[in-house]
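Numbering (this note's numbering), first residue to last: 5 to 237. Glycine included, every Cβ here is placed at the ideal spot set by N, Cα and C. Since the model is a prediction, treat every value here as computed from it, not as a measurement. Just below is one structure, and these are the notes that go with it.
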């Protein structure tokens, strides 16, 4: 029992020291390779604690090796932009100039509900209000609004206005959400008129359609032309 206690104290001290040397980051800010190293360190530290027959160095040496590996990778990243792109990856544009990059959503395994949630967490409700939404390498989404929709200006000017309502998504990937129409107290005829006003003849051509927080109808077709590939992130 005493041996287990001593091993636990030693390994805990080693892990804390190693994590301290790796730098100050929250779990949500770790790059993928840093997260892998962190998980491996926790597993390596647990083995000698669970099985006293294993030498203590069997856990300590691999942990030190991972620390050295992380240090080397960090140095390489500091000196090489190519290495940073290979090791960390590159940020991904999800929204540009109020248009959703649905190809990026597919490649990153993100659905429209996840995207809307990230916008709400950033204090924005409407896709049309967003200049850029960028999926960072650590998995967080950075939201940059259009200048006209930047926060705080109305409050600073003491302008009173109606509270924003939550946007209601009506169409995703060409499929109608009938519950959304009922919530809006609208019918298929109203929806058809809105589609006609936006020159939509085939429902399958619609990537997303919604009524935003201002009560405005927002629609993006699959073939809406916008270049998502020119920004150097």
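>> Report the CB separation of residue 15 from residue 53 in whole angstroms; it is logged as a contact under 8 angstroms.
In response: 6 angstroms
>> Please classify residue 100 as buried or exposed, where buried requires at least 16 neighbouring CB atoms within 10 angstroms.
In response: buried
> Where does residue 222 sit, in a helix, a strand or coil, going by DSSP?
Replying inline: strand
>> If the criterion is Cβ atoms closer than 7 angstroms, does the pair residue 103 and residue 209 meet it?
In response: no
>> Quick check: the Cα distance between residue 192 and residue 179, rounded to an integer number of angstroms?
In response: 13 angstroms
>> Would residue 41 and residue 85 qualify as a contact pair, given that the criterion is a beta-carbon distance under 7 angstroms?
In response: no
> Would DSSP call residue 146 helix, strand or coil?
Replying inline: strand
> Mapping DSSP to helix, strand and coil, what is residue 103?
Replying inline: strand
> In this structure, does DSSP put residue 211 in helix, strand or coil?
Replying inline: strand
>> If you follow the beta strand (DSSP E) that residue 136 is in, where does it begin and where does it stop?
In response: 134–139
>> Once DSSP output is grouped into helix, strand and coil, what is the label at residue 68?
In response: helix
> When DSSP builds the beta bridges, which residues end up paired with residue 175?
Replying inline: 180 and 213
>> What would DSSP say about residue 62, mapped onto helix, strand or coil?
In response: helix
> In chain order, what residues of the same chain lie with their CB nearer than 6 angstroms to the CB of residue 213, ignoring the 5 residues before and after it?
Replying inline: 174, 175 and 223
> Should residue 51 and residue 66 be called a contact, given that it needs their Cβ atoms to be closer than 7 angstroms?
Replying inline: no
> If you draw a straight line from the alpha carbon of residue 211 to that of residue 109, how long is it in whole angstroms?
Replying inline: 12 angstroms
> Per DSSP, which one or two residues make a beta bridge with residue 97?
Replying inline: 138
>> Considering only their Cβ atoms, is the gap separating residue 129 from residue 171 smaller than 7 angstroms?
In response: yes
> Would you call the CB atoms of residue 92 and residue 144 closer than 7 angstroms?
Replying inline: no
> Alpha carbon to alpha carbon, how far is residue 81 from residue 55?
Replying inline: 37 angstroms
> If you run the structure through DSSP and keep just helix, strand and coil, what is residue 114?
Replying inline: coil
>> What would DSSP say about residue 151, mapped onto helix, strand or coil?
In response: helix
> Pick from 151, 114, 152 and 132: whose alpha carbon is nearest that of residue 139?
Replying inline: 114
> Relative to the C-alpha of residue 106, which residue among 94, 177 and 183 is closest?
Replying inline: 177
> Taking the alpha-carbon positions, what's the residue 194 to residue 38 distance?
Replying inline: 51 angstroms
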